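Each remark here refers to the structure printed beneath this line.
Rendered as structure tokens:
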């Protein structure tokens, strides 16, 4: 079958690899119906060197179950499934606490002997724990929203949930990428009435307004901070959902968060150390939270309103490429000519 | 009257100063009945230079109202009052959210034209907002517990509350000083059944056991982390209450916190930058919270069980000095021959 591999920076190739086979009794083989390219895929795309080992790509996909192991009981052949970006047994002590991204036996697609989702098929470990079945019949119009549930929607929701967004909290969302826009949608769904979106790509911030943003701040750095403070009587917002991952986004978050407020990060930090002392977090009782979203926890909760059409997170996709042309999708996202790209095997 | 001033490191003096007078209509003059020396007083005691301007000391005190301004309506002359370590109007938007340490008009004792509490009397700004009346008659046996309510008990409680300690959470408390011990007591009161106290002064950790600690870990650094992980099947505890403020305590907190858990800091950080990236906080969804405790919010809530004798936070005091001998109190705490010292004017 055909599958996406990355080599050095910018070097994405579609190659012939063996069709996956069952290894463990709890596995399933999933034929990929659609996959997509993630903002986090671009970290490697931008920064890898030729010395890095080749890696299978893709951690966001939906598909149809082709084959199951002898110890798979909930998932059936023929099921249409949504895969969260991390696989998990969904039974360990962390999974039971709703933190499937810390599953003792879990992991991430495209590592070790587990393939990636930008391919024709993939072996899913812990099929019963990992995969969520979409009750049929399945409307192809909803594929983009199902893809959003594999990662970006659950990730934006995680940001808002960890920040304890409610009708009582004002919100700043930093970043107008797909995750930032999903954070806007999630904040709106959790009742927020004031959502300031920091982003400078008007097509994206316009979509943010569709999702519920009430204000858009295009400025960045000190100017961006000043603008948010101006919009909030100098106090900042109760919650800041940081969907970028760079250090300047952290600094902006510290600058716009209200005393007693929460910075919730879901952009994977591209830095290690940052200010946490008296002048940044401690003195004003700022809470810093977030991390890799346990999307598996959220899919079942968020799916009904997707199925009924109450929300349309799939709007974040603005381009589709064939699997053979997946490299074009990476390039479009890296060049920001696409917001988020669907890959069709 | 006599009041405590600090000059250079280790240079604490009791001096003649003017008796405080009302300045604003919302002020009260409080005659100090007891004050105490705080662990945070020692930061200046250890680190000041002779070039630093002299500063009035003491932010923990109880006393009797001597005089009130024309716009003071709740507090009456003769009231026995507990003062939180920060004064606040208790009406601004932050105070209404329970964050009196970020009061727009508030501040800290011993700054500007507001004196310190290690003195014979002090002027309290915003008397109605700041001071909490103890319903009389007042039992002198309870003075130590009232003093604990001015800072260390509320601070330990803040750590536990911000960490969302409950019967469902395991707890590590880092630090066996007065605040750490009050964090133990608070965690116990919030229902925690497993409380690991990290500290190496047996008199103090014994008191910690009295307050509810179930395990004591005397080791520090990597050894301390290993010991806590050993006690928790390798997972760490859901919550970590950090009551020290040094960078190595932060690193220990990161080492012993469970994935998905909370580090709650109430020791004033003596550092600015610390690891917050993928390998420390983000990757395991660790929440970092805490800050200066809005003790004013907590005194009324915690007072009834002090009055009824259900809890005795005053046990953290193990020495009393006269105001004239306050320097001995600082020295005893700096030398760790005293856990916490009462000052009697």
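Residue numbers (the numbering used here), protein chains in the order written: chain B, 1 to 345; chain F, 346 to 690. No residue lacks a Cβ here, since even glycine has one placed at the ideal position from N, Cα and C. From a predicted model like this one, the values you see are computed outputs, not experimental measurements.
Is it buried or exposed, residue i, if we count other Cβ atoms within 10 angstroms and call 16 or more buried?
i	result
residue 369 of chain F	exposed
residue 531 of chain F	buried
residue 551 of chain F	exposed
residue 54 of chain B	exposed
residue 335 of chain B	exposed
residue 655 of chain F	exposed
residue 46 of chain B	exposed
residue 96 of chain B	exposed
residue 405 of chain F	buried
residue 445 of chain F	buried
residue 361 of chain F	exposed
residue 337 of chain B	exposed
residue 150 of chain B	buried
residue 642 of chain F	buried
residue 443 of chain F	exposed
residue 464 of chain F	buried
residue 604 of chain F	buried
residue 630 of chain F	buried
residue 513 of chain F	exposed
residue 579 of chain F	exposed
For a contact defined as C-beta to C-beta under 8 angstroms, what are the partners of residue i on chain B?
i	result
residue 618 of chain F	273, 274, 275, 276 and 277
residue 614 of chain F	276, 277, 278 and 282
residue 447 of chain F	259, 260, 284 and 285
Identify the contact partners of residue i in chain F, using a Cβ-Cβ distance below 8 angstroms as the criterion.
i	result
residue 94 of chain B	604 and 605
Rounded to whole angstroms, how far is the Cβ of residue i from the Cβ of residue j, which I believe are closer than 8 angstroms?
i	j	result
residue 243 of chain B	residue 156 of chain B	7 angstroms
residue 33 of chain B	residue 62 of chain B	5 angstroms
residue 576 of chain F	residue 560 of chain F	6 angstroms
residue 163 of chain B	residue 239 of chain B	4 angstroms
residue 541 of chain F	residue 516 of chain F	7 angstroms
residue 75 of chain B	residue 131 of chain B	5 angstroms
residue 632 of chain F	residue 289 of chain B	4 angstroms
residue 313 of chain B	residue 145 of chain B	5 angstroms
residue 165 of chain B	residue 192 of chain B	5 angstroms
residue 56 of chain B	residue 5 of chain B	6 angstroms
residue 521 of chain F	residue 503 of chain F	Actually they do not touch by this definition, with Cβ atoms about 18 angstroms apart.
residue 340 of chain B	residue 316 of chain B	5 angstroms
residue 618 of chain F	residue 273 of chain B	4 angstroms
residue 348 of chain F	residue 457 of chain F	With a Cβ gap of about 15 angstroms, residue 348 of chain F and residue 457 of chain F do not count as contacting.
residue 525 of chain F	residue 544 of chain F	7 angstroms
residue 87 of chain B	residue 106 of chain B	5 angstroms
Kindly list, in the order they appear in chain F, the residues whose Cβ is closer than 7 angstroms to that of residue i.
i	result
residue 99 of chain B	604, 605 and 630
Which chain B residues sit within Cβ distance under 7 angstroms of residue i?
i	result
residue 610 of chain F	282
Is residue i close to chain A, meaning its C-beta is less than 7 angstroms from at least one C-beta of that chain?
i	result
residue 485 of chain F	Structure shown: chain A not included; protein chains present are B and F.
Quiz item: Of all the beta strand (DSSP E) runs that stay within the bounds of the stretch 36–117 of chain B, which reach a length of 3 or more residues?
Solution: 61–68 and 80–83
Practice problem: Entirely within the stretch 208–270 of chain B and at least 3 residues each: give me those beta strand (DSSP E) ranges in chain order. | Solution: 215–217, 237–242 and 257–265
Practice problem: Taking a Cβ distance cut-off of 8 angstroms, strictly less, list which residues of the stretch 528–560 of chain F are near chain B, in chain order. | Solution: none
Quiz item: Of all the residues that make up the stretch 625–637 of chain F, which are near chain B by a beta-carbon distance shorter than 9 angstroms?
Solution: 625, 626, 627, 628, 629, 630, 631, 632, 633, 634, 635, 636 and 637
Practice problem: With 9 angstroms as the C-beta to C-beta threshold (strictly closer), list the residues of the stretch 158–185 of chain B near chain F in chain order. | Solution: 158 and 162
Practice problem: Please list the segments of the alpha helix (DSSP H) lying wholly inside the stretch 492–529 of chain F, counting only runs of 4 or more residues, in order along the chain. | Solution: 497–507
Self-check item: Every unbroken beta strand (DSSP E) inside the stretch 117–141 of chain B [3 residues or more]
Solution: 121–124
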